[in-house]
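In our numbering, the protein residues as written are 142 to 387.
Input: a single structure, listed below in structure tokens.
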Amino acid sequence: MKKQLGPLVLIALVVAVISTGVFYFLVSGRVEGKAQASAAKKVVVAARAIPAGSKLEVGDLKAIDWTDGEPPAETYRDAGQVSGKVTTTAVDAGEPVVAAKIASPGGGGGAGVPSGMRAISVQVGDSSGIVAILKPGFRVDVQAVLVREQTEMDVRTVAEDLEVLRVTPPAETGSKNSNPVVTLLVTPAEANALALADTGTRVRVTLRNPLDHDKSALPAQSLHSVMTGVEPWKARAAAAAPAAKK
């Protein structure tokens, strides 16, 4: 009788162990799933009203459980992800801290502009193919085309190796007839040159290799020189030279 009970007891123990393992696996999975769901709803908000231009510290922030539907886009789960960044606009107490309202102190990405630099927007025409593939972080040169008459026009590279911060298509500028707008990170001197180019000329952009930071400082070039290979003033000087010898 005892010999018959032995195998049965062993089988029962094996079944009990397997059942216990399955039970704990299911329970732990549910607990872990709830923990992950809870962590996914953590949102970093301002612990107090924070003015624009403030450097964020851990004490300025707190992580709360977001219960009002889906959290806003581009929020953070941990205060450490935001600490050390600078607010570009004011943030009210209890308001979620989002990426669009902060920037790294020395970085130019997103909404941030490094100290000593400027952000400027220019309307870009005749470069639709390039503009269509531009993304923040790409680097471009900016050309200004001045049209005096139908056959008299000049082009000059106004600024080189500029970082693209944002590209706004015509549909978002509010006018169907407007050109796309490209926002660039520039020096103050480049900002002045681009402001004039944007106001008085047709602006184009050329795409650079992201690893190429060399600047060529090309001189202005006219349509006449493209078609003849000689600048007009050089042609006039050459024609005047024989007359001067006589």
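Beta carbons: idealized from backbone N, C-alpha and C, even for Gly.
With DSSP collapsed to three states, give me the class of residue i.
i	result
Leu367	Per the sequence shown, residue 367 should be read as Val rather than Leu. Looking at Val367 - three-state DSSP - the assignment turns out to be helix.
Ala180	A caution first: Ala180 carries a pLDDT of 49, below 50, which makes its placement in the model too unreliable to give a value.
Leu335	helix
Asp295	strand
Ala312	helix
Ile159	helix
Thr324	strand
Thr342	coil
Asp355	coil
Asp201	helix
Arg289	strand
Asp206	strand
Ala188	coil
Thr347	strand
Met142	Caution applies to Met142, whose pLDDT of 49 falls short of 50 and renders its modelled position unreliable; the model cannot decide the point.
Thinking residue i and residue j are a contact (beta carbons under 8 Å), I'd like their distance in whole angstroms, please.
i	j	result
Pro277	Leu306	6 Å
Leu197	Gly235	Their Cβ separation, rounded to whole angstroms, is 15 Å, which puts Leu197 and Gly235 out of contact at 8 Å.
Thr229	Ala214	With a Cβ gap of about 17 Å, Thr229 and Ala214 do not count as contacting.
Val283	Ala260	About 14 Å; that fails the 8 Å criterion.
Ala193	Asp201	That pair is no contact at about 13 Å.
Thr340	Pro321	Actually they are not in contact, since the Cβ atoms of Thr340 and Pro321 sit about 17 Å apart, beyond 8 Å.
Val199	Ala220	5 Å
Val238	Val223	5 Å
Val184	Thr161	Contact flag wrong, Cβ pair sits at about 38 Å.
Thr298	Leu364	Rounded, the Cβ-Cβ distance is 16 Å, inconsistent with contact.
Asp206	Lys182	6 Å
Mind checking who residue i pairs with in its DSSP beta bridge?
i	result
Glu304	Arg280, Leu326
So does residue i have its beta carbon nearer than 6 Å to some heavy atom of the ligand MG?
i	result
Gln284	Among the ligands in the structure shown, none appear at all, so the ligand MG cannot be discussed.
### Query
Should the region 287 to 297 be regarded as contacting the region 322 to 331, the criterion being three or more beta carbon pairs within less than 8 Å?
With a cut-off of 8 Å, the region 322 to 331 and the region 287 to 297 do not count as touching, because too few Cβ pairs lie within range.
### Task
May I have a chain-ordered list of the alpha helix (DSSP H) segments no shorter than 4 residues that lie completely inside the region 219 to 276?
Taken in chain order, the unbroken stretches of alpha helix (DSSP H) that lie wholly in the region 219 to 276 and span 4 residues or more are 269 to 274.
### Message
Counting beta carbon pairs with one atom in the region 253 to 272 and one in the region 335 to 351, are three or more of them shorter than 8 Å?
### Response
Yes, they touch.
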